[in-house]
Every structure is written in C-alpha cells, then in structure tokens.
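In what follows, a single structure is set out as structure tokens and then discussed.
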Amino acid sequence: MLERFTVQTRRTVVRAAFALSMAAAIGISGTVVAQEATPLPYTPGNDLGALSGTIVADGSSTVGPMTEAVAEEFAIMLGDEGGGDVQVEVSISGTGGGFERFCAGETDLQNASRAISEKELAACGEAGVSYFEFEVAYDGMAVVVNPSNDFVECLTVEQLNLMWRAEDPATNWNQIDSSFPDAPIVLYGPGTDSGTFDYFTAAINGEEGVSTTNYSPSEDDNQLVQGVAGDANALGYFGLAYYENNADALKLVAIDGGNGCVAPSPETVGDGTYTPLSRPLFVYVNAESLTRPEMQEFMRFYLANASFLSADVGYVSSPASVYLEDQIRLEAAIAGTASPDGPAEG
Amino acid sequence: MTAGVPPAPVEGLTSTPNLKRRQSIAAIGRWIFILATAFAIVALGALAWYIISRGWGALSWGLLTNPPSRRPERAGLNLAIYGTLWIISLTVLIAFPMGVAAAIYLEEYAPKNRWTRMLQINISNLAGVPSVVYGLLGLGIFVEWLSLGRVVLAGALTMALLSLPVIIISTQEALKAVPWSLRESAYGVGATRWQVTASHVLPAAFPAILTGAILAVSRAIGETAPLLVAGAAGFVTRRPDSFDDSYTTIPIQLYNWMARPQKEFLDLAAAGIIVLMGLLVLMNSFAIILRQHYSKKTRW
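Protein chains in written order, with our numbering: chain A, 675 to 1020; chain B, -5 to 294.
So, in structure tokens, the structure goes:
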C-alpha cells in the first residue's frame, strides 16, 4: 500500500495540511479545524527496502518508552516492507544526561521531558550541533499521598512550594494547613537527572533544579510508588501513568493552580486545565542526522503515529494541530528549506 | 561413639566448671554456624520463591523468541539473549587465554621479588573493585579513546577486564595446587620449563582453572552496571550480527522493564530473572561436567 504514495502525492498532502494548520493559526474557526484534523498518515519519501544504518536515541525515561514504541512499530513496518536493516537503539540516561550526549553530537535523537536549557543550548552551540524540536505528547505529573491519608484532597501550588522549596521547607503537615494533623511530611520524588524533577521544581519552586534535599530520591518511579504506598505520612510526585497503574495503592491529590482544584486525568491533562503540572514531551533531532534517509523515515513515522502511540504508553496525545505543524516542519527540514530550531553557529 | 558429641568425662575425675564452660561454648559455636548456614539458605530460598511465584505465570516460549515490545504480552528477551551470548562468548575468548597466560607467568615464570609481589597485590585489589568502575574504564578507554563506540566489542572488552583478575587469581590457585614433585620429576628427566608447564602442570590444573573461569564468567553474565555505563542500549530493534553492532543484554532489558509503570512488566522481569538463572545453572553444570571429565584423566 505504501507504493501508492509517491513523492508527488506526499507534497500535495503536506500542502493541504499546511492550509489546514494555517487556518487554525489565523483563527478562522481554528478550534474546530484543530479538533477534527488528525495527523497525516505515514508516507515514506525513500525506498524502504534500501534503508540501513543505526539510529541512536537517548534521554528521558519518560519519553523513552514512547520512542521505543515507535521504534518497535517502525521495525515491524520495515520488516513487512522487506527492509528491516535499520537498528534503532534507545538508551535512558535521563533528560539531562541525554542532552550531554546529544549536544556532543553522539546521538541522533534526544528524548526530553522538558525543553532544552540555556546551558545545554550553549553546549550544542559550542559543538556545532543544530537541531529541530518536535512535541510528541503530553504528560501530567501526579502528586500522590498514602491511601490512609484522609486530610489531603487538594493542594495549592503555594502549599506544594512550602514543602518542596529549598529554603526552610515545611516538615510537618500542620505547617501546610492548621487543620492538618501534627505529623511529619515524608517526601518522595525523582532524582536530579530527571526531566520530571526539572519541570516540577520550575513549576512549583519557580526555578529549575531548586528543591529541598530533604526527600527520598529515586530514578526508578516504581520505587517512589512503593515508598508512598508504604508510608502513611508520605507525599510524592511522578508521571501520571505510574499513578494509573497503582491506583489501588495511592491517593491522587488534586492541584489548585489558581483556578480551583483539578485532579489529573487524560482529559484534564489533554485540555490543559490541569496546571501547572502538565508538560509537553519533546524529541530533539540532530539536523545533520536528518540528511540520512533512515532518520527521515523514522521521524516521518514517529510524527504520524505519535498521537495513538502516546496513549498506548500511558501519555496524552498532543492536539492534532501540533502534530500537523510538526509534520510540516519536518518536511521542510528534510527538504532543507527550514532553518534549525536551535544553535546554528554558537 | 557418635561424631560431634563430646566424650563423657572420665569416671573418677570430678567434672570441672571449666569443662562445662568449654562444652557450652562449643555448643554455642555449633549453633552459630548452623544459624549462619540456615540464614543464607532461607534468604536464598525466599528470594527464589518470590521470583518464581511472581514470574512463573509470565514464562512463555515467546519470552525467549520475541523482540521487546510496549505490550507486555508481546514482549520478549530474544534480542537481549543474543546480546548476552555475543558479550559472553567474546568475553571468554578475550579474558580466558589472557588470564590463564598471565597466571602461568606469575606462578611458573616470574621471579618472586618486590615487583611481582606488588603486581600480585594489585591484581587481588582489582578483583574487589566495584563493577561500575570497570564500566567507567570501558567507557573511557574502549568507547571513547579507542573510538570503538557503544558496540559489542567495547562491551566485551569491558567485561573481559572485569573477569580478568578473578580468572588470574583462580588460575594461580589451581597452579599452586599442583604438587611440586610433579614439576621436579619432569625437570629431573631434562624437560624445559615450557614442557613442564604445558604437558604436566597445565593438564593437572585444568579442571580447577575451568571452574574458576566459568564462575568468573557466570558473574559477568549477571552484571548490569558496567554495561549500562559502557554503552549497552536499553532497547534495540535488531539483534547484533557482528562485534561492531549495538546491543542490549538480559539484565539491562530486565532493568528497563522494572522501570515501567505497568505491573505486567514487573512480572515479565521476574520471568526474565528465571531465564537468567536458568542460563547460569546451565553454565555452571557445564563447568561441573567439564571438570569431572578432565579430573578423571588426572591421577597421581
């Protein structure tokens, strides 16, 4: 079936999509278009049977499973097409660890659960690595307490900040709210190499990486689940998927970001009402790698399937307009008509 | 008289308080040792029971034949098993000859002076270095300095480094256990040092050398940390076909599964541990069979 899509038809499809997203951007019945539109189906621009090479991905443990799911389907698709000589390897060094490799030019693709930081930007510039950024899904961060905790239903950002701030954090529940009992707060959270940590600290403490050190960190979210599930005074945060798979052992806390209490769910994360603990997930692609046919096809496949695969691995699909815009930028990047999103020269 | 029961005090001699004390100390000692053994066995049994009860249901043929997948029911260890077999075979090919040769030099050839004593101490210390340090060494030397990249060869060289000290030490012990009279009789009829070593000492020590080497390699199979650092990927879509392919191994695949939110992946990881244990038992049985086979030939 893939033979039917020629390069010619691909261009028309992309043009149509461009028109759609332009309409959305200009605002003429923009929301309607965005909701009804779906990402474009995958249409290859290279001979799939002739693809070979290795695609190296590293980075976030949150986005990793997403890229692995795409790689899995990509390999199956290539196998069906008589190709399958492409190796996709995905490592999990955390968003920070991954950017170190990405900005040294060691990886083709960087999984990131936050946007690139100033420091990383500079490193990329120094090494002459330019890149494109694509949003691939949305993820909510769940704040959870032990199921035996019967006093916490909803917390404001200020209350979270009180517990998690670096200087003089609250250590007793009655410091958070005088109606809360006199009991110590036991905190669990991701380690400092994690993008979840970076995003949470930025959203709650106002500055990325600034956090109390008086908490039990783990890079393994399942350990955080066990920690909170086993301690009546505990509070922790991690990706929503880990709450959903352990809902019987945890109690979800609604978050008041200024507009009332909202509990995270695929709906509230997707429509943006769960703030400020919803975040976009990104992949960064080395611009030079995009000149390789196997990389071009992998990214085309990624953006065409990210919407349905994101739900498969426990995340929320970004709006279709985001994928359409991603797809259009990808085609421009492959054609060489788009300038990279980040450090061109220094 | 039953073994283990202290002899009754000889009649006519009054039993001294001292004797009672010594006997009760002996009894306490005996129970301490029994408890220590029981503790180890119970802990091991509890671990095995937990893993087997958790993973048994997830064991399937597909676990061995399927590539990794985001769907637990379709996910398997196939690519990781190939990765582990590649790493282990290459590790054996590199570390075994090198380790045995080094041990022969140290034991049969090297003069016993301050320099070789220092070498000896260093090798013993190396055997105790945490494995992740070897990972960093591998990353620094093989992956980056020699620019091998994050490939099978770099991983195998790292694992070879990790296994070398253990192989050298166990081979030395095996060589030391060969009686001096054997060497002396060979020298006595005019054999050269090489002839003595190759046709007398080595064959006699071979079973013990094999046992030590296979134990060292068995340990390497289960190692996660060094390969995680030295460049095994957490996920691959193709199995390695040559020594310059990227790869993943069984422990790393399990590590990856254990970090997943879905409970099914935790069960799958437990099943994977059973597979890994099976592989280890298989290798150890192989070691025992080899040892039996060779030790039948040695008679003195």
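The C-beta atom is built at its ideal place from N, Cα and C for all residues, glycine as well.
Along chain B, which residues have their Cβ under 8 Å away from the Cβ of ALA745(A)? PHE229 and THR231
How about ASP867(A) and GLY770(A): do their beta carbons lie closer than 9 Å? yes
Whole-Å CB distance - VAL230(B) paired with GLU763(A), under 8 Å assumed: 5 Å
Can a CB atom of chain A be found closer than 9 Å to the CB of MET153(B)? no
Cβ neighbour criterion (16 or more within 10 Å) applied to PRO713(A): buried
Minimum Cβ-Cβ distance from TYR663(A) to chain B less than 9 Å: No answer is possible for residue 663(A): the residues shown for chain A start at 675 and end at 1020.
What does the Cβ neighbour count give for CYS798(A), buried or exposed, with the cut at 16 atoms within 10 Å? buried
Suppose you measure from the CA of PHE808(A) to the CA of GLY901(A); what does that come to, to the nearest Å? 34 Å
Contact list for the region 913 to 926 of chain A against chain B, Cβ threshold 8 Å: GLY913, ALA915, TYR916, GLU918, ASN919 and ASN920
Considering just the uninterrupted stretch of the beta strand (DSSP E) at PRO891(A), what are its terminal residues? 890 to 892
Rounded straight-line distance, which links the Cα of ALA1007(A) to that of GLY122(B): Distance between the alpha carbons of GLY122(B) and ALA1007(A): 51 Å.
Can you give the Cα-Cα distance for ALA1009(A) and ILE1002(A), rounded to whole angstroms? Per the coordinates, the alpha-carbon of ALA1009(A) lies some 11 Å from the alpha-carbon of ILE1002(A).
Specify, as a first and last residue, the run of the beta strand (DSSP E) that SER952(A) falls within. 952 to 960
Would you report the Cα separation of PHE988(A) and THR949(A), rounded to the nearest angstrom? First, the amino acid is wrong: residue 988(A) is Gly here, not Phe. Distance between the alpha carbons of GLY988(A) and THR949(A): 19 Å.
Step through the CB atoms of chain A and report whether any lies within less than 9 Å of the CB of LYS170(B). no
Decide if LEU248(B) is buried, meaning its Cβ has at least 16 other Cβ atoms within 10 Å, or exposed. buried
Nonlocal neighbours in the same chain, by C-beta distance under 6 Å from GLY733(A), ignoring five residues either side: THR769, GLY772, GLN784, ASN785 and ALA786
Coarse secondary structure for SER703(A), derived from DSSP in three states: Since pLDDT at SER703(A) reaches only 42, below the 50 mark, its modelled position is unreliable, and no value is offered.
May I ask which residues mark the beginning and end of the beta strand (DSSP E) holding GLY910(A)? 908 to 913
Would LEU909(A) and VAL819(A) qualify as a contact pair, given that the criterion is a beta-carbon distance under 9 Å? Result yes, Cβ atoms of LEU909(A) and VAL819(A) sit closer than 9 Å.
Measuring CB to CB, does GLY266(B) end up less than 9 Å from LEU71(B)? yes
Name the residues in the region 101 to 118 of chain B whose C-beta lies less than 8 Å from a C-beta of chain A; which are they? Within the region 101 to 118 of chain B, contact with chain A at the beta-carbon level (separation under 8 Å) is assigned to no residue.
Does DSSP classify ALA789(A) as helix, strand or coil? Note: ALA789(A) maps to coil in three-state DSSP.
Compute the beta-carbon to beta-carbon distance between PRO940(A) and VAL899(A), rounded to the nearest angstrom, for a pair I have assumed lies under 8 Å. About 19 Å; that fails the 8 Å criterion.
Give every residue of the same chain whose Cβ lies closer than 7 Å to the Cβ of ILE702(A), excluding the five residues on either side of it in the sequence, and list them in chain order. Interpretation of ILE702(A) is limited by its pLDDT of 44, a score under 50 that renders its predicted location unreliable; the figure taken from the coordinates is listed afterwards. No residues qualify anywhere along the chain.
Under the three-state reduction of DSSP, which class applies to ASP732(A): helix, strand or coil? strand
Please report how far the alpha carbon of GLU101(B) lies from the alpha carbon of PRO173(B), in whole angstroms. 13 Å
Can the beta-carbon of TRP80(B) be found less than 9 Å from the beta-carbon of ALA150(B)? yes
Going along chain A, which residues have a C-beta under 7 Å from MET271(B)? The premise fails here: MET271(B) is roughly 22 Å from chain A at the closest Cβ pair, so nothing lies under 7 Å.
Cβ pair THR875(A), SER885(A) closer than 9 Å: yes
Just to confirm before moving on: does the CB-CB distance between ALA42(B) and ASP261(B) stay below 9 Å? no
Is there a C-beta anywhere in chain A that falls below 9 Å from the one on LYS257(B)? Taking Cβ atoms only, chain A reaches closer than 9 Å to LYS257(B), which makes this a yes.
Chain A beta carbons: is any one of them nearer than 9 Å to that of ASN250(B)? yes
Counting contacts by CB-CB distance shorter than 9 Å, is LEU131(B) in contact with chain A? Judged by the 9 Å Cβ criterion, LEU131(B) is not in contact with chain A.
Let's test the definition: count the other Cβ atoms within 10 Å of the Cβ of VAL295(B) and tell me whether it reaches 16, buried, or not, exposed. Lying before the first or after the last residue shown, residue 295(B) is absent from chain B, which here runs from -5 to 294.
Are any of the Cβ atoms in chain A nearer than 9 Å to that of ASP261(B)? no
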